[in-house]
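Presented below is the structure to which this report refers.
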Amino acid sequence: MFNTLTHDQSANFDEQINQLAQLISKSHHTIALTGAGISVASGIPDLEQLSGGTTGSLSSESYLEAHPDDFYHQFHQLFIDPIFNVGPTTAHKVLAQLEHHQLLDGVITTNVDYLHERAGSHNTANIWSSLNINHCVQCGRIYPIEILRDPVPHCPNCGGVISPDPIFRNIATVPAERERADSWTNTADLVLVTGANGYYDHVENRSTLVDINPTQTEFDDRATLVIRATADKTFAALAGKLNLPITTVTK
Numbered sequence: 068m069f070n071t072l073t074h075d076q077s078a079n080f081d082e083q084i085n086q087l088a089q090l091i092s093k094s095h096h097t098i099a100l101t102g103a104g105i106s107v108a109s110g111i112p113d114l115e116q117l118s119g120g121t122t123g124s125l126s127s128e129s130y131l132e133a134h135p136d137d138f139y140h141q142f143h144q145l146f147i148d149p150i151f152n153v154g155p156t157t158a159h160k161v162l163a164q165l166e167h168h169q170l171l172d173g174v175i176t177t178n179v180d181y182l183h184e185r186a187g188s189h190n191t192a193n194i195w196s197s198l199n200i201n202h203c204v205q206c207g208r209i210y211p212i213e214i215l216r217d218p219v220p221h222c223p224n225c226g227g228v229i230s231p232d233p234i235f236r237n238i239a240t241v242p243a244e245r246e247r248a249d250s251w252t253n254t255a256d257l258v259l260v261t262g263a264n265g266y267y268d269h270v271e272n273r274s275t276l277v278d279i280n281p282t283q284t285e286f287d288d289r290a291t292l293v294i295r296a297t298a299d300k301t302f303a304a305l306a307g308k309l310n311l312p313i314t315t316v317t318k
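Be aware that the sequence shown starts at 68, since it is given in my numbering, and climbs by one per residue.
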């Protein structure tokens with residue numbers, strides 16, 4: 068179906084965007100696979116670039132319970148402040164618009180920042196859970212992401228400290244979300260990989276794959292089209308080509 072397009076990294080950016088728009092227009096089932104690279108423009112760092120001590124303390128519920136002030140001081144700097152003060156990137160918003168205009172079946176993401184949903188995406192598979200699920204470590208009540216605005220969030224019911232679900236789960240995948248993601252990849256004929264480095268790589272060989280990343284990734288060799296540009300630059304250009312607004316989709 069798409070064999071007229073070749074893997075050509077030397078093609079200029081405008082031509083690559085034309086090819087990308089053509090692929091999306093011809094596809095029957097397009098999905099997106101996103102990773103840390105799509106959120107860096109919001110100020111959220113790629114955790115692989117942080118020190119081991121920082122990532123270790125932020126992935127430990129025992130550290131959270133023993134040092135809630137220090138935990139949430141770091142957590143606000145790295146996640147909560149960018150999520151609420153900057154919000155979804157251009158790429159998040161355009162992916163939501165693609166879904167809204169029935170050009171995208173859903174988004175599979177290894178990020179936990181909940182920015183796809185805040186941009187207006189409805190069909191998301193959060194492989195590692197998301198910050199919209201937060202547990203009271205004492206009574207077990209669950210609260211949405213807004214509770215994380217508090218400097219050190221506590222349960223309104225019992226006063227227990229709040230643990231974000233990815234921490235509560237010890238940074239483990241969510242089986243139901245993984246199953247949902249797998250069902251999408253099984254039917255997809257086009258996969259847009261954006262800022263992902265392979266934490267989730269279940270992509271059928273029959274699917275056409277586009278890799279959008281400023282640097283080389285393990286998806287390059289499988290891709291029909293490799294776009295060496297940031298997610299925001301690529302999706303802003305794509306929105307212009309498809310006449311899509313770059314705004315948050317109203318839920």
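In this text, a Cβ means the ideal position worked out from N, Cα and C, and glycines have one as well.
Discussion item. Which residue marks the beginning of the beta strand (DSSP E) containing V174, and which one marks its end?
Written reply: G173 to T176
Discussion item. Let me check understanding here. Comparing Cα to Cα, which of N190, D268 and V153 lies closest to D172?
Written reply: N190
Discussion item. Given this structure, state the Cα-to-Cα distance separating T317 from H167, to the nearest angstrom.
Written reply: 10 Å
Item to complete: Using three-state DSSP, classify L257 as helix, strand or coil.
Response: strand
Discussion item. Please state the DSSP three-state secondary structure of A99.
Written reply: strand
Practice prompt. Examine the Cβ distances between the segment 82 to 97 and the segment 128 to 141 and report whether three or more of them are shorter than 8 Å.
Written response: no
Discussion item. Short of 6 Å in beta carbon distance, which residues of its chain neighbour N310, apart from the five on each side in sequence? Order them along the chain.
Written reply: none
Item to complete: Could you name the residues of the same chain whose beta carbon sits closer than 7 Å to that of I200, not counting the 5 residues immediately before and after it, in chain order?
Response: I209 and D232
Discussion item. Would you say the beta carbon of T157 is closer than 8 Å to some non-hydrogen atom of the ligand FMN?
Written reply: As presented, the structure is devoid of all ligands, the ligand FMN included, so that no description of it is given.
Worksheet item: Ordered along the chain, which non-local residues of its own chain (more than five positions away) have a Cβ less than 6 Å from that of S126?
Response: I238
Item to complete: Since I believe A248 is in contact with A192 (beta carbons under 8 Å), could you give me their beta-carbon distance rounded to a whole number of angstroms?
Response: 4 Å
Worksheet item: Looking at the structure shown, is S129 part of a helix, part of a strand, or coil, going by DSSP?
Response: helix
Fill in: For E82 and H95, the rounded distance between their alpha carbons
Cα-Cα distance, rounded: 22 Å.
Item to complete: Given a cut-off of 9 Å, decide if T157 and A108 are closer than it, judged by their beta-carbon atoms.
Response: yes
Item to complete: Entirely within the segment 131 to 217 and at least 3 residues each: give me those beta strand (DSSP E) ranges in chain order.
Response: 173 to 176, 191 to 193 and 201 to 203
Discussion item. Rounded to the nearest angstrom, what separates A303 and R295 at their Cα positions?
Written reply: 14 Å
Worksheet item: Skipping 5 residues on each side, what residues in its chain have a beta carbon closer than 7 Å to that of R245?
Response: I194
Discussion item. Short of 6 Å in beta carbon distance, which residues of its chain neighbour S197, apart from the five on each side in sequence? Order them along the chain.
Written reply: Closer than 6 Å at the Cβ level, and outside the excluded window around S197, lie V179 and Y181.
Practice prompt. Indicate whether the contact test is met: 3 or more Cβ pairs, each with one atom in the segment 147 to 161 and one in the segment 127 to 135, closer than 8 Å.
Written response: no
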